[in-house]
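Using this note's numbering, the first residue of the sequence shown is number 57, and each one after it goes up by one. Accompanying notes for the structure given below.
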Amino acid sequence: MDKVPSLYADRNSRSMDLIKRAFDFEEPKEVPFIFNTSNYFSFGYPPEELPEDYYITPASMYERQVRQFENHFNVIDDHYVPYLMPWYGTGVTASGFGIGVNFLPKMDPTTEIPIMKNPEEIDRMKMPDFSKDGLMPKVLDTIRYFQKNSEIPIGFTDNHGPLTLAVQVVGYENLFYWMYDYPKQIHKLMDLLSDTLIAWVTHQKELIGEPLNHCFGNQGIYVPEGVGVWFSDDDCVILPESLYREFVVPYNEKILKHFGGGILHFCGTANQHIENFKRMKHLRGINNFALGSWRSLLALKKGLEGRVAIIACDFTHLDFRGYYRKLFEENGMSKRGLVVQSLFSPVIGADDGKYHLVKRSEKRVADEIKEEAKKYFNLN
């Protein structure tokens, strides 16, 4: 058994309490800040840092993640709380519906283009068998391996919400055309996908031993009780407000309510949906990778102030000093209901709405960003 839980129990307990206070919208004396050096995915890492068999054997996945945890605690004293992630890309649930997944060397798994041609094919779709279909059995086997070899908490695998899952299963053009031409079929699809997501997450939770109303982590961040699920909603950024309200909001809310509350994730800007987000009564948080756009993040935070916690994520900004200055000094962004995560990559940095290739040192950036975190977030 690894020693991560016992070695850092006090530190993890303090961090979990601080994050809970953020979700409760308490006036913060200290803002939860995570400088995440323990990312479970391949994107943002040079090939030489990635094991050849990371996606082949659970042992390799486990060993890399534990090494990352142990390294992290020696790099910076932040509010990161480790958990193991059975990560096989963003297409696990789609694979259960027959969508192929490609495993390219030292890259995150990617889904193949869907082959559905006609909306009538939706009538023949059925919920996957989690013990047999696609990558689902591999996820379950990995969870079992983690349980056998560690006492570190385990998260359920990457989770696409009904909108993003629909894109993977039927394709962008079909989905958006059929919303206009065959709305009943799309509602039928979204109902099936939301039911599948509920059942698949519940199945993993039962194996992990996790209650319905608590998922331990969301993309590298601990989340408190009352947040039972998270899912990616990335394609909301390209959908107009009216279509999202009709075809997505009811199904997102159905999932969020089932788990007693939850978190949406998306990359980019989806501020056209601020009112739609308010319609989801069980939405507890939004995890937003703003791609370095402080204006977008500021508008989202202001639009949902006091209602939805904001997890402000990004790969570490090229100019993190200027980014935090813009948000907190020049524009006075509220720190209530806020969690900040900076994901370190030695080769990727965020700036003004996009990512850039860089080359930088983990230790140097950690030391520099810690000073900014002391200034803006009262990091001890």
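Backbone N, C-alpha and C fix where the C-beta goes; we use that ideal spot for every residue, glycine too. Values in this document were obtained by computation on a predicted structure and should not be read as measured data.
The C-beta distance from F376 to T93 rounds to 15 Å, too long to fall under 8 Å, and the pair is not in contact. Counting only runs that start and end inside the segment 141 to 180, the alpha helix (DSSP H) elements of at least 4 residues fall at 148 to 152.
For G348, no alpha helix (DSSP H) encloses it, and the DSSP letter there is neither H nor E. The segment 114 to 126 and the segment 405 to 422 do not touch, with fewer than 3 CB-CB distances between them shorter than 8 Å. Put simply, of N327, F433 and P402 the residue whose alpha carbon is nearest the alpha carbon of P102 is P402.
In the three-state reduction of the DSSP assignment, H329 falls in the helix class.
By the neighbour-count definition (other C-beta atoms within 10 Å, threshold 16), Y233 is an exposed residue. For F384 against C369, the beta-carbon gap comes to about 16 Å, at or over 8 Å, which does not count as contact.
In its chain, beyond the 5 residues on either side, P142, V148 and V195 have a beta carbon closer than 6 Å to the beta carbon of T213. For I210 against L253, the beta-carbon gap comes to about 18 Å, at or over 8 Å, which does not count as contact. By the criterion of a C-beta distance shorter than 6 Å, H314 is surrounded in its chain by I254, once the five residues flanking it on both sides are discounted.
Sorting M172, D290, G378 and G341 by C-alpha distance to the C-alpha of S349 places G378 at the top.
If you look at G405, you'll find it in the beta strand (DSSP E) that goes I404 to D407.
Secondary structure at N95: coil, using DSSP grouped into helix, strand and coil. In this model, H373 and G405 are separated by some 5 Å (Cα to Cα).
Closest in C-alpha terms to H243, from the list L299, C271 and D189, comes L299. By a beta-carbon distance limit of 8 Å, N230 does not contact V137. Their separation comes to about 40 Å. Note that the segment 268 to 286 touches the segment 68 to 80; at least 3 beta-carbon pairs, one per stretch, sit closer than 8 Å. Around the beta carbon of H412, fewer than 16 other beta carbons sit within 10 angstroms, so the residue counts as exposed. Here the alpha carbon of K431 sits roughly 54 Å from the alpha carbon of Y238. Of the candidates S116, G227 and L219, the residue whose Cα lies closest to the Cα of V304 is L219. Taking S98 as the centre and dropping the five residues before and after it, the same chain places the C-beta of L106, Y110, K162, M163 and D164 closer than 8 Å to its C-beta, in chain order. In this structure M183 is in contact with D251, their Cβ atoms being roughly 7 Å apart against a cut-off of 8 Å.
Listed in chain order, the non-local C-beta contacts of F433 below 7 Å within the same chain comprise E86, V87, F89 and V396, local neighbours out to five positions each way being set aside.
Check the Cα spacing between P170 and each of D179, D185, S151 and S187: the tightest is with S151. Residue nearest to D291 within the set E386, M192, Q328 and K310 is Q328 (criterion: CA-CA distance). For Q241, DSSP assigns no beta-bridge partner whatsoever.
Beta-bridge partners assigned by DSSP to K410: D407.
Restricting attention to beta strand (DSSP E) runs no shorter than 3 residues, the segment 354 to 406 encloses them at 365 to 371 and 394 to 399, ordered along the chain. Residue environment for G317: buried (at least 16 other C-beta atoms within 10 angstroms of its C-beta).
Between N332 and L354, the C-beta gap is not smaller than 7 Å, which leaves the two residues out of contact. Around the beta-carbon of Y236, fewer than 16 other beta-carbon atoms lie within 10 Å, marking it exposed. DSSP places H314 inside the alpha helix (DSSP H), whose first and last residues are V305 to H314.
For S288, the enclosing beta strand (DSSP E) starts and ends at V285 to S288. In the same chain as L249, and ignoring 5 residues on each side of it, the C-beta atoms closer than 7 Å to its own belong to P218, L221 and A222, in chain order. When secondary structure is reduced to three states using DSSP, H128 falls in the helix class.
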